[in-house]
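Our numbering numbers the first residue of the sequence shown as 27 and each following residue consecutively. Step one of this worksheet: look at the structure below.
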Amino acid sequence: MQQHLQSKPARPAPRWPLIAFALALSLSSAVAAATGEAAKGKAPKRADSPKDNRVWLLARTDETTSLRFGAPGIGDPVFAVACQPGAGLLQFTVEVASTKIRSGDGVALSLAAGKRRLELAASTFRGATDGLVVAEAAVSLEDRVLDLFADGETLTVRAPGTTASFPLAGARAKLPDFRKGCLTRR
């Protein structure tokens, strides 16, 4: 007697293991390429961060000499110090982003560079950009106050709820002309 075996039609093998294997292979070669670049001392390429084009500029009018930090061609700098020799005043202006300060508030403003510190009482008003407030303070025009821009690498400005830093390298290059404009017109 012969038994007749009936075979079922063969089902095709599922394709997902093959797809998973291909993905794993491509991932491992991408990782190997990235680690190979790192091993050769090359960092994997990343998206470039936007370049900071702000610089220190010296501006003069008949009555005022200003040292301003901001983007060239923009009317409102993020930081400025202006001297008015006729009035004997030195005025500091800085844009701040803080939820603790509103337009019209009186605030403590602290400027520091190297070992020098200057504490000021500032008033605030609405800035040109939404969410920003401008703090403004004035002191007597004295040569020693200008030394703040000659000491240290960075000018740090603190106000309630915010801190900003500005590089001083470009300011130091313009400081002799700023001093001359401020102190010789008295």
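We put the beta carbon where it would ideally sit given N, CA and C, even for glycine. Bear in mind that the values here come from a model prediction, so they are computed numbers and not experimental data.
Environment of residue i [buried if 16+ CB atoms lie within 10 Å]
{"i": "Ala195", "result": "exposed"}
{"i": "Ala154", "result": "exposed"}
{"i": "Thr210", "result": "exposed"}
{"i": "Thr87", "result": "exposed"}
Residues near residue i in its chain [Cβ-Cβ closer than 8 angstroms; skip 5 each side]
{"i": "Ser166", "result": "Gly114, Leu115, Leu116"}
{"i": "Cys208", "result": "Thr91, Cys109, Pro111, Leu116, Leu167, Leu172"}
{"i": "Leu135", "result": "Phe118, Val120, Glu145, Leu146, Ala147, Ala148, Ala161, Ala163, Val183, Arg184, Ala185"}
Cutoff 7 angstroms; reference residue i; Cβ partners in own chain excluding five residues on either side
{"i": "Lys200", "result": "Trp82, Leu84, Leu93"}
{"i": "Ile127", "result": "Val133, Thr150, Val159, Ala185, Pro186, Gly187"}
{"i": "Glu89", "result": "Gln110, Gly112"}
Beta-carbon proximity of residue i to residue j, cut-off 8 angstroms
{"i": "Glu168", "j": "Ala148", "result": "no"}
{"i": "Phe118", "j": "Val104", "result": "no"}
{"i": "Leu181", "j": "Leu137", "result": "yes"}
{"i": "Val120", "j": "Ala190", "result": "yes"}
{"i": "Gly157", "j": "Ala123", "result": "yes"}
{"i": "Leu174", "j": "Arg142", "result": "yes"}
Nonlocal neighbours in the same chain, by C-beta distance under 6 angstroms from residue i, ignoring five residues either side
{"i": "Gly178", "result": "Ala139, Gly140"}
{"i": "Val107", "result": "Leu93, Phe118"}
{"i": "Phe192", "result": "Phe95, Phe105, Leu181"}
For residue i: DSSP bridge partner residues
{"i": "Leu137", "result": "Leu144, Val183"}
{"i": "Gly130", "result": "In DSSP, Gly130 forms no bridge with anything."}
{"i": "Thr150", "result": "Ala161"}
{"i": "Ser191", "result": "Thr182"}
Could I get the ranges of all uninterrupted beta strand (DSSP E) runs contained in the stretch 160 to 189, with 3 residues as the minimum, in chain order?
-> Secondary structure remark: continuous beta strand (DSSP E) runs of at least 3 residues inside the stretch 160 to 189, in chain order: 180 to 185.
Can you list, in chain order, the stretches of the alpha helix (DSSP H) that have 4 or more residues and sit fully within the stretch 67 to 118?
-> Taken in chain order, the stretch 67 to 118 contains no complete alpha helix (DSSP H) segment of 4 residues or longer.
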